[in-house]
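**Student:** The numbers in our numbering rise by one with no breaks, and the one at position 196 of the sequence shown is 1225.
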Amino acid sequence: MEDIGYYIKAFVTLLMLVNPFEGMPVFISATGTATPELRNSILRITCLSVIVILVSSLLFGRMILQVFSITTGAFQIGGGIILFLIAVKMTLGPSGAMKEFSGGGELKPSFGIVPLALPLLAGPGAINGAILFGTGAHPVTDMLVLIGVAFLVGIILYIMLKTGNTLARYIGTTGIEVVTRVTGLFIAAISAEMVIKGMASTFRLVIF
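Here is the structure:
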């Protein structure tokens, strides 16, 4: 069984990759004129969808790698590079999520699945991160704890979206952008570590 630090790292990484601060303005904008019932329905569907996507990635990621004969080391390298590109976009590029996802069309509960949960919140980065942690979970207890971590991420996402208007008033658009960019820096560091570990595993290197 992994030490507590591993689970804390998994929690922090998945929470940063889901990045509720990026989904918050989209949710607020899209549901601003919706009825309370529709808003709460979209909120529940969004958070449940994110949990299902993360848990599915944790459980079946290793199986998918085995089907395609992909080693864990190779996936760490490729996945780490993808995470790094996502981190660069979060750190340097302006967030286009508001314009891309919040406008147009009649609002339905399915908005909580696409595009809010997928691809905005539980997108390629979060899926990739969940698969990486899932492949490192060997005993059943590791996987159970990681599933609990996924549920915890979903609960925090629910709370942040539920209180989104209040949080947005306190930190504002600029605050959300700052948090997103700082998050990108941490994800960049985590992705670099994944690539290093993947190279060490693939090329049998000893890295101190």
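Idealized CB from N, CA, C, for every residue including glycine.
Just so you know, these numbers come straight off a predicted model, no measurement behind them.
With distances taken between CB atoms, is the gap from T1203 to G1090 smaller than 8 Å?
**Tutor:** Contact: no.
**Student:** Would you mind reading off the limits of the alpha helix (DSSP H) that contains T1260?
**Tutor:** In the structure as shown, the chain starts at 1030 and stops at 1237, and residue 1260 therefore has no counterpart that could be examined.
**Student:** May I have the straight-line CA-CA distance separating A1059 from Y1036, to the nearest angstrom?
**Tutor:** Roughly 34 Å separates the two Cα atoms.
**Student:** Spatial neighbours of I1080 within its chain, please: C-beta separation below 8 Å, excluding the five flanking residues on both sides.
**Tutor:** Excluding residues within five positions, the ones whose Cβ falls inside 8 Å are A1179, F1180, V1182 and G1183.
**Student:** Between S1220, A1159 and G1201, which lies nearest to M1053 when the distance is taken from Cα to Cα?
**Tutor:** Selected option, being the one with the closest Cα: G1201.
**Student:** Look at the alpha carbon of E1206 and the alpha carbon of A1197, and state the distance between them as a whole number of angstroms.
**Tutor:** So the two alpha carbons sit approximately 11 Å from each other.
**Student:** Which residues bound the alpha helix (DSSP H) around P1065?
**Tutor:** Its alpha helix (DSSP H) spans residues P1065 to V1096.
**Student:** Leaving aside the five residues before and after F1040 along the sequence, list all residues of the same chain whose C-beta is less than 6 Å from its C-beta, in chain order.
**Tutor:** For F1040, where only same-chain residues beyond five positions count, the Cβ hits under 6 Å are V1178.
**Student:** Could you give the residue range of the alpha helix (DSSP H) that holds E1135?
**Tutor:** Neither: E1135 is in no alpha helix (DSSP H) and is coded neither H nor E.
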